[in-house]
Amino acid sequence: MVGLTRRRLIASTAPVVGLGAVALGQGSAGAQHAGHAPADANGHGGGSGAGIAGHGGHAAFRGGDVDHEGNGFDPHEVLRDFDWGRTRRLPSGRVVREWTLIAGDREVELAPGVRFAAWTYNGRIPGPTLRAREGELLRITFVNGSAHPHTIHFHGIHPAAMDGVAGLGDGEIAPGGRTVYEFDATPAGVHLYHCHVRPLAEHIAKGLYGTFIVDPAEGREDADELVMVMNGFDTNFDRANELYAVNSIGFAYMDRPVQVVRDELVRIYLVNVLEYDLINSFHVHGNFFDWYPTGTSRRPAEHTDTVMLCQGQRGIAEMRFGHLGRFMFHAHQSEFTELGWQGFFEVCERRGGRLVCDLPEGRP
Amino acid sequence: MSALAQAGRLRRVPSWVLGVVPLLLVALAVGAFAALDGPGLGDRKGPPIEELAVERTTLEPGVIELTVRNDGPDPVHIAQASVNDAFVAFEGGERAIGRLGTETLRLRQPWVEGEAYEVALLTSTGATIVHEVPAAVQTPDPDVSFFALMALLGVYVGVIPIALGMLWLPWIRRIPPSWLRGVMALTVGLLVVLGIDAWLEGGELAAEGSQALGGTALVALGAVVAYLLLSGVGAWLDDRRRQAAEDGATGQRLALLVAIGIGLHNLGEGLAIGSAYATGALALGAALVVGFALHNTTEGLAIIGPMARQRVAPRRLALLGLLAGGPAVVGAWIGATLYTPSAAALMLGFGVGAIAQVVVQIAPTIRDDRGRLLHPPAVAGMLGGMALMFGTGLLVTA
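Shown next, in the form of structure tokens:
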């Protein structure tokens with residue numbers, strides 16, 4: 002035992018002497034040590050403190066919001082931003098869908114005042130949500146504008162040369178280089194894409210990933226569709242995350258909730274790309290959802306309020322909110338929650354073509 | 009030109025010029041370096057080096073307060089803070105902290121007494137500075153009753169044991185000279201253990217504190233400064249003694265030096281006690297006061313050893329006891345209110361230097377009739393002293 006020094010030994014006598022002092026009526030300080038320290042009236046970290054801003058009684062970042070404009074992407078826009086690319090019709094009648102993805106190095110403000118040297122696809126984290134219809138021919142031109150070699154590896158079904166890994170097809174794309182990935186849009190479901198250059202964890206954790214959705218040929222029921230990419234950031238390079246979020250900016254949907262409409266179908270394309278932690282999860286308050294793992298089946302696997310996903314796992318959650326008011330959603334790993342992966346749904350109502358929000362919570 | 013001729017030519021130049029020329033050359037070199045825009049330096053390459061030392065932790069209900077010092081070469085901007093892996097709201101540190109600057113951060117955290125907390129400060133570059141609170145205890149308000157408590161604590165671990173140790177004086181007056189040499193050797197043994205202890209603890213504290221302020225070097229600096237100061241004081245007392253031809257003062261002077269050495273040591277210990285008490289870093293529930301009283305009793309023995317052959321007024325004894333034990337009280341006050349690990353390390357360093365000086369001073373009194381220092385009884389005494397200090401230390405852990 003290293004710490005067993007004379008100083009420590011002396012220190013350890015202090016409480017005893019303190020008790021003696023209390024007995025002698027000379028010291029009241031010792032008496033304050035009995036029992037638990039009085040905590041905040043509010044049981045949570047932030048919120049109630051005089052002069053310390055909180056968010057609805059829950060901890061959040063100090064200093065309000067990050068500079069989304071400076072970052073070049075806003076998690077609120079990422080939420081409903083589906084990139085359908087450009088389409089052409091081949092003589093055969095088949096649709097070719099095309100995108101261009103450019104890898105780049107850019108600094109991103111992840112939490113108010115915290116800057117991170119990120120790697121991005123098209124300047125954003127997560128990269129654009131590529132969306133296609135089952136059976137189309139997809140053509141993704143990849144331009145490497147980063148100072149490091151990168152690829153795009155798509156989850157889905159494709160030829161080996163299109164896999165976006167070293168040694169196959171064009172392999173790693175050197176800085177300044179480009180390649181074209183071409184494959185069929187299959188299977189229907191919600192997938193992901195990410196860089197597959199070693200060290201993998203670093204290339205993913207620095208921001209090179211995005212959602213890849215293939216709609217079934219027959220389509221899905223109309224809904225308010227949302228993309229939620231669960232991620233985290235290792236800002237001090239110790240291979241553990243300091244910040245957690247959906248769509249990169251922690252607590253973003255705490256400050257500004259995700260507005261949805263009462264009784265209308267909400268469909269969430271949920272993707273877990275979290276690095277350095279084995280699993281992530283999604284939990285919604287005051288509601289249950291139908292869960293379609295990977296979105297490949299039209300039959301829900303579960304009706305639940307919590308799902309657990311390993312790295313790379315994803316699925317579709319479908320739900321309707323019957324009550325007005327704010328409902329929290331977050332990882333059910335409390336640590337991730339309190340380090341940023343936490344937000345609110347705000348259930349609004351349509352009144353005369355207008356969306357009315359901030360309504361009082363209903364009581365049954 | 010021969011060296012001799014050169015020396016002759018230099019002799020004609022006024023000596024102040026010879027003194028100033030190197031100074032001018034240094035100024036010229038620095039000026040040229042600056043004029044050339046510091047070639048090879050320029051802007052720092054790579055990410056900034058961010059180092060923060062937490063110098064003080066204060067706990068009040070619902071709040072953990074940290075005083076941090078920027079130890080690194082670059083300014084540090086604390087962007088966010090978390091406690092036990094949860095971001096918390098906090099005040100302070102809104103602006104970047106410059107080199108060696110300090111800032112007080114008030115973190116809103118409903119902590120529970122006795123539990124451990126890990127505070128992580130997230131800087132603007134994403135670096136983390138982690139600080140642990142091993143056992144949360146409310147920091148006492150430094151009011152009158154608190155100072156009284158600290159005084160009582162200091163008296164318990166400092167003054168009372170030393171006074172008890174002094175009760176050996178009648179006994180050592182009756183023992184033969186050879187035994188007395190053994191007692192002096194015993195004193196050296198005790199002091200050596202105290203010195204090693206202070207050195208190691210100083211190093212430990214210095215490692216916790218600001219490295220830019222000197223780090224572990226503070227202990228060595230403190231030791232050298234104390235050694236030199238006490239040697240100077242000793243020499244000055246010697247001169248005065250010769251002038252007054254005051255017989256028998258040597259023993260009293262030695263006793264005084266021993267008391268000063270132990271006093272400085274106890275000041276350092278008082279600091280540690282006060283700060284440990286204030287920050288809650290206490291091993292809760294140990295009933296050790298009696299053991300400690302016995303342990304520190306040996307310090308009293310060390311003080312009276314040199315005065316065995318003299319008449320000593322009780323007032324003088326009381327003063328020596330206070331000089332040696334009282335600093336524990338002062339240290340506890342300072343430690344509980346103004347504590348920083350670096351200051352405590354420096355104080356412990358003073359203790360080391362003082363003890364080393366005392367050991368050197370005592371050494372001649374151990375010499376036997378043939379002038380040998382490490383004769384068998386002396387060695388036995390020293391080893392005995394070390395064993396006693398070590399053994400009573402074990403008693404404290406029991």
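In order, the protein sequences belong to chains Z and A. Under my numbering, the residues of the first sequence are numbered 2 to 365, in order. Under my numbering, the residues of the second sequence are numbered 9 to 406, in order. The beta-carbon is built from N, C-alpha and C at its ideal position, and this holds for glycine as well.
Legend entry - Distance CB(A:Leu238)-CB(A:Ile270) smaller than 8 Å: It is not a contact, given that the beta carbons lie outside the stated cut-off.
Legend entry - Burial state of A:Leu279, where buried means 16 or more other Cβ atoms lie within 10 Å: A:Leu279 sits buried, since 16 or more C-beta atoms from the chains shown fall within 10 Å of its C-beta.
Inset, instruction - From the DSSP output, in three-state form, read off Z:Asp291 for me. - result: Strand, per DSSP.
Inset, instruction - Tell me whether A:Trp179 is buried or exposed, calling it buried when 16 or more other Cβ atoms sit within 10 Å of its Cβ. - result: It is exposed - the Cβ of A:Trp179 has fewer than 16 other Cβ atoms within 10 Å.
Inset, instruction - Give a yes or no on whether the minimum CB-CB distance between A:Ala94 and chain Z is below 8 Å. - result: Taking Cβ atoms only, chain Z reaches closer than 8 Å to A:Ala94, which makes this a yes.
Inset, instruction - Using only the heavy atoms of the ligand GDP, determine whether one of them is closer than 7 Å to the beta carbon of A:Thr110. - result: By its list of ligands, the structure shown contains no ligand whatsoever, and the ligand GDP lies outside what it can speak to.
Inset, instruction - Name the one or two DSSP bridge partners that Z:His195 has. - result: Looking at the DSSP assignment, Z:His195 forms a beta bridge with Z:His154 and Z:Tyr210.
Inset, instruction - Just the C-alpha distance for A:Arg82 and A:Pro56, rounded to the nearest angstrom, thanks. - result: Note on residue identity: the sequence assigns Asp, not Arg, to residue 82 of chain A. In this model, A:Asp82 and A:Pro56 are separated by some 6 Å (Cα to Cα).
Inset, instruction - Compute the Euclidean distance between the alpha carbons of Z:Val228 and Z:Glu243, then round it to the nearest angstrom. - result: Approximately 23 Å between the Cα atoms of the pair.
Inset, instruction - Go ahead and label Z:Pro176 buried or exposed: buried means 16 or more other beta carbons lie within 10 angstroms of its beta carbon, across all protein chains shown. - result: Z:Pro176 counts as exposed, since fewer than 16 other C-beta atoms from the protein chains shown sit within 10 angstroms of its C-beta.
Inset, instruction - Pull up the distance between the alpha-carbon of Z:Gly313 and that of Z:Asp216, whole angstroms please. - result: Their Cα atoms are separated by approximately 19 Å.
Inset, instruction - Classify Z:Glu347 as buried or exposed, calling it buried when 16 or more other Cβ atoms lie within 10 Å of its own Cβ. - result: Z:Glu347 should be labelled buried.
Inset, instruction - Decide if A:Leu420 is buried, meaning its Cβ has at least 16 other Cβ atoms within 10 Å, or exposed. - result: Any property of residue 420 of chain A remains undetermined from this structure, which presents chain A solely from 9 to 406.
Legend entry - the segment 73-89 of chain A: positions lying closer than 7 Å to chain Z by Cβ: The residues in question are His85, Ala87 and Gln88.
Legend entry - Sequence-distant residues of its chain with Cβ nearer than 7 Å to Z:Asp82 (five each side left out): The residues are Thr130.
Legend entry - Residue environment, A:Phe358, which counts as buried when at least 16 other CB atoms sit within 10 Å: It is buried - the Cβ of A:Phe358 has at least 16 other Cβ atoms within 10 Å.
Legend entry - Pairwise C-alpha distance: A:Leu208 and A:Val366: The C-alpha of A:Leu208 is placed about 19 Å away from the C-alpha of A:Val366.
Inset, instruction - Figure out for me which residue from A:Ala326, A:Arg17, A:Tyr347 and A:Pro372 has the closest Cα to the Cα of A:Arg173. - result: Before going on, a small fix: residue 173 of chain A reads as Gly here, not Arg. Ranking A:Ala326, A:Arg17, A:Tyr347 and A:Pro372 by Cα distance to A:Gly173 puts A:Ala326 first.
Inset, instruction - Quick one: using the 10 Å Cβ neighbour count with 16 as the cut-off for buried, is Z:Arg89 buried or exposed? - result: Z:Arg89 should be labelled exposed.
Legend entry - Residue interval of the beta strand (DSSP E) (run including Z:Ile269): Counting along the chain, the beta strand (DSSP E) containing Z:Ile269 begins and ends at Leu266 to Asn273.
Legend entry - Unbroken alpha helix (DSSP H) run spanning A:Asp205, endpoints: Secondary structure note for A:Asp205: its alpha helix (DSSP H) is the uninterrupted segment Pro185 to Glu216.
Inset, instruction - Give the DSSP-derived three-state secondary structure of Z:Thr338 in the structure shown. - result: Taken through DSSP and simplified to helix, strand or coil, Z:Thr338 comes out as helix.
Legend entry - Cβ-Cβ distance between A:Gln117 and A:Val71 below 8 Å: Contact: yes.
Legend entry - Within chain A, the residues that Z:Pro113 reaches when beta carbons sit closer than 9 Å: Going along chain A in sequence order, the residues near Z:Pro113 (Cβ under 9 Å) are Ala87 and Gln88.
Inset, instruction - Quick one: grab the DSSP three-state call for A:Ala87. - result: Strand, per DSSP.
Legend entry - DSSP three-state assignment for A:Ser350, whether helix, strand or coil: In the structure shown, A:Ser350 sits in a helix (DSSP, three-state: H, G or I).
Legend entry - Buried versus exposed, by CB contacts within 10 Å (16 or more), Z:Arg199: Under a 10 Å Cβ-count criterion, Z:Arg199 is classified as exposed, with fewer than 16 other Cβ atoms of the shown protein chains found around its own Cβ.
Legend entry - Rounded straight-line distance, which links the Cα of Z:Val262 to that of Z:Glu350: So the alpha carbons of these two residues sit roughly 5 Å apart.
Legend entry - 8 Å Cβ cutoff met for A:Asp79 and A:Leu67: A distance of 8 Å or more separates the beta carbons of A:Asp79 and A:Leu67.
Inset, instruction - Report the residues of the segment 129-146 of chain A with a CB closer than 9 Å to any CB of chain Z, ordered along the chain. - result: For the segment 129-146 of chain A, the residues whose beta carbon sits under 9 Å from a beta carbon of chain Z are, in order, Leu130, Thr131, Ser132, Thr133, Gly134, Ala135, Thr136, Ala144, Val145 and Gln146.
Inset, instruction - Write down every uninterrupted run of the beta strand (DSSP E) in the segment 65-142 of chain A whose length is 3 residues or greater and which is fully enclosed by it, in chain order. - result: Restricting attention to beta strand (DSSP E) runs no shorter than 3 residues, the segment 65-142 of chain A encloses them at 71-78, 86-91, 110-116, 125-131 and 136-141, ordered along the chain.
Legend entry - Endpoints, the alpha helix (DSSP H) within which A:Pro169 is located: Unbroken alpha helix (DSSP H) run through A:Pro169: Ile168 to Met174.
Inset, instruction - Could you list which residues in chain A have their beta carbon closer than 7 Å to that of Z:Glu226, in chain order? - result: Result: empty, since nearest Cβ-Cβ is about 30 Å, beyond 7 Å.
Inset, instruction - Count the other C-beta atoms from every protein chain shown that fall within 10 angstroms of the C-beta of A:Ser153, then say buried if there are 16 or more, exposed otherwise. - result: Answer is buried; the Cβ neighbour count reaches 16.
Inset, instruction - Could you spell out where the beta strand (DSSP E) holding A:Leu32 opens and where it closes? - result: Looking at the DSSP string, A:Leu32 is not in any beta strand (DSSP E); the run it does join, the alpha helix (DSSP H), is Ser23 to Ala43.
Legend entry - Three-state class that DSSP yields for Z:Phe346 in the structure shown: The answer is strand: DSSP assigns Z:Phe346 an E or B state.
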